[in-house]
């Protein structure tokens, strides 16, 4: 559909009134440009001619493919420096919060004016000792026994990152099609239910068993996501509401099942399933000293798959077209309901992969905490990764490190794990509002030089507010 | 901004460019949904209904006149009621098929009431002890509905002005935490109530700041804010509150104010005249917000901003300022609702005390069609399901309690997919306004 849709595409978007206001700020590309940004609705990653871009979204630059000016792209992208500054800012604020509630800081604040150095030292040590513990728990622990012990935290990070990455990919993929998939939590649960049942109830030969576990989990997630897609496409039900409700429905279904003979471990009164057969669990990657399992390799494979899907396949192009402008996509001959259902199904399947990683990899049993908070964290992972596959991968690693390190931090310094939630959400908030970050770091003079993206947007907004 | 195009925040089937394609599912949705529900009711409540009798106590001990308990044969009434449901659904189908008409407005309401009654009889009739107190059930439902009502009112205020508020959960949680902390420090629950409103408003201001000034997608801000408030309250709970629970986490309760005589009226007495301040505030808030939105100049302006900001701007209404203050007000309302958890229900704060009720409030708002009165009744329905769940576990019915807990969410999915199709959100809901 490369050649045929071209004229219709441009014709479809031309009368659309919305991109008009963005055509007024075409200079924003040079500032916002970024390697990851190229993955927009431009040339399907080079597979198509640049002229396939809706005319109204093209700027006058020659040569390099320009990114589209769709708002989702703008929200989920920004320039690389803003990302780094946002992480920094969130960490600083988190550190202040830690220091603020620290007991030593509290006592030194009592004689702040007598000896301010005590107070500042206490603030510094409270914040840094927590973060040092976080780092030691997440990446490298110099006090570990031998090389293996020293790298154990890194392995733990990768283990925790596995479900975050795959579920995050599911959320990111849906974002790219303009859908807010808040339902990764429910999709992980449904996948966990099916995969674990196949894992402990059926007894099959090695290889086939794991394959079936994998398929069952992915199908479970895909169906749960697909239903949302069908409801959205056929009835117009808002996917945010439906996915939130489906999360709860899945959770209560899980709790019910863990109460039945079908799922409850015989002789147990607590809601816990039997342990999965050895033939049904992921092999460990580096021996039994680490929990890291083959699921991590699948997460890498899933990232490659999503990258291929979005940037190299026709379906992915349709997804992005629908995400950029559903009306234009409809006029261009794209079957929007089909794309909606398909993208939610694939997104559910990816989240399902996270469910399989939980029951067949990390936990090896089904409990009602099987999804932990991975489904919700996946949303922030996708947002931080700007909905690009590799960005999501990196964000999943970062948040995996936070999660793994937070446990160690709580043990060593007593800082509650919740600080990770604060830092995570602050990062996403700051990344979503680049003008704010630039203003805080005093980078806004740029806006005087050129009518740059964030600055012109900000000016327009404040103009509207005034 | 072109959020319109990229994030279909509210689908508008009616406005589709191809009426031939989209009109059909829209108008068939309600009859088909009703028919499915009626068939389910007929099979479960009718054909497979329990044989015993269901007994409903109407009066409680303190009432000044006692009404006899109502006893109904479960199987017979299940049959009769489910046949009525089938009839209603059939009527809707016939109207659609023959005359291409929408069913009258009373039909879904009557259907819901009959369905709930049939369901209740079925549950109680099949229980080990087939007897419950109707008065207690309703009073408990209202109590459980209080935070949901406040939350949905917050949603109404925000979305009528065109800002999607997913952060209700965060506003409730922030209100609950602050209420507990301030009430403990000041030894005055009323100060806690006030602080809860301020906390909710602060959470809302962040939402307003990011979604209006920085034009960040409102759903993203909402989702992230929920996580942020959850993390902040969890962190401060572990570090501050647990270091000295006596000092920081013993807010004490708001007293139940019993209006003499009136509170002894059977069934409605305890609901209307035996509440805490928060409970009375709920009734006041529902009525005041309804009047303010639909009967005052201010409300007209708010709705104009939510429906057509360009037109409102042309007439000199400050769109973004209106949105900002509406969102802030909504947060304050939700914050008061949050104080219910720590000042009325339980007298201490624990992590995640709001337990997802912010999301139910969101559902109640949609089910109530962005109308304060509708949201109130939808919230009551959810409170009812919540309360029934705990009662069901006590009287021991064949229905697993998990399914009872699931019910509100299922109803919401049905509602957004089928019953709410006719109503639509404010046209500019979720779309930032940038002058240009």
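Protein chains in written order, with my numbering: chain A, 5 to 470; chain B, 83 to 518. Beta carbons: idealized from backbone N, C-alpha and C, even for Gly.
For residue i, the residue or residues it bridges with in DSSP
i	result
residue 138(B)	152(B), 214(B)
residue 371(A)	276(A)
residue 297(A)	288(A)
residue 340(B)	356(B)
Neighbouring residues, chain B, relative to residue i (Cβ below 9 Å)
i	result
residue 133(A)	Chain B residues near residue 133(A): none, gap ~15 Å exceeds 9 Å.
residue 384(A)	305, 306, 309
Sequence-distant residues of its chain with Cβ nearer than 6 Å to residue i (five each side left out)
i	result
residue 278(A)	204, 269
residue 341(A)	237
residue 171(B)	116, 117, 120
residue 233(B)	250, 254, 416, 419, 440, 443
residue 368(B)	454, 458
residue 315(B)	255, 259
residue 500(A)	No information on residue 500(A) is available, as it lies outside the stretch 5 to 470 that chain A covers here.
Proximity test, Cβ basis, 9 Å: residue i and chain B
i	result
residue 420(A)	yes
residue 30(A)	Residue placement at residue 30(A) is poorly supported in this model, since its pLDDT is 40, which falls under 50; the coordinates are not used for a value here.
residue 298(A)	no
residue 380(A)	yes
residue 347(A)	no
residue 436(A)	yes
residue 484(A)	Residue 484(A) falls outside the range modelled here, since chain A spans only 5 to 470, and no answer is possible.
residue 193(A)	no
residue 403(A)	no
residue 417(A)	no
residue 426(A)	yes
residue 374(A)	no
residue 186(A)	yes
residue 368(A)	no
residue 413(A)	no
Identity of the residue in the options nearest residue i by Cα
i	options	result
residue 335(B)	292(B), 412(B), 424(B)	424(B)
residue 200(A)	361(A), 430(A), 407(A)	361(A)
residue 277(B)	325(B), 415(B), 348(B)	415(B)
residue 233(A)	97(A), 216(A), 260(A), 351(A)	351(A)
residue 184(A)	393(A), 347(A), 295(A), 409(A)	347(A)
residue 244(A)	259(A), 194(A), 188(A)	188(A)
residue 2(A)	445(A), 444(A), 427(A)	The structure shown has nothing for residue 2(A), since chain A only spans 5 to 470.
residue 237(B)	216(B), 263(B), 289(B), 269(B)	289(B)
residue 174(A)	265(A), 307(A), 87(A), 133(A)	307(A)
residue 445(B)	495(B), 332(B), 413(B), 327(B)	495(B)
residue 167(B)	284(B), 201(B), 383(B), 403(B)	201(B)
residue 361(B)	462(B), 346(B), 343(B), 183(B)	462(B)
residue 122(B)	180(B), 197(B), 179(B), 132(B)	197(B)
Nonlocal neighbours in the same chain, by C-beta distance under 8 Å from residue i, ignoring five residues either side
i	result
residue 192(A)	167, 171, 225, 355, 356, 358, 359, 362, 374, 375, 378, 379
residue 146(A)	140, 154
residue 293(A)	152, 156
Partner residues on chain A for residue i, Cβ-Cβ distance less than 7 Å
i	result
residue 320(B)	420, 422
Same chain, Cβ closer than 7 Å to residue i, five either side skipped, listed in chain order
i	result
residue 368(A)	279, 280, 285
residue 203(B)	136, 154, 156, 159, 160
residue 380(B)	374
residue 407(A)	164, 424
Chain A within 9 Å of residue i, Cβ atoms only
i	result
residue 412(B)	no
residue 108(B)	Note that residue 108(B) has pLDDT 47, beneath the 50 cutoff, so the model's placement of it is unreliable and no number is given.
residue 394(B)	no
residue 325(B)	yes
residue 508(B)	no
residue 448(B)	yes
residue 387(B)	no
residue 200(B)	no
Listed by chain order, chain B residues near residue i by CB distance under 8 Å
i	result
residue 429(A)	306, 307, 309, 310, 313
Within chain A, the residues that residue i reaches when beta carbons sit closer than 8 Å
i	result
residue 438(B)	252
Partners in chain B for residue i, counting only beta-carbon separations shorter than 7 Å
i	result
residue 241(A)	498, 499
residue 259(A)	484
residue 85(A)	Within chain B, no residue comes near residue 85(A); the closest Cβ sits about 17 Å away, beyond 7 Å.
Contacts of residue i in chain C (Cβ-Cβ under 7 Å)
i	result
residue 323(A)	Among the chains of the structure shown, chain C does not appear; the protein chains present are A and B.
Residue i beta carbon near the ligand HEM (any heavy atom closer than 8 Å)
i	result
residue 279(A)	What this structure holds is no ligand at all, so the ligand HEM is not there to describe.
Chain-ordered chain A contacts of residue i [CB-CB under 9 Å]
i	result
residue 581(B)	Because chain B in this structure spans residues 83 to 518, residue 581(B) falls outside the shown range and cannot be described.
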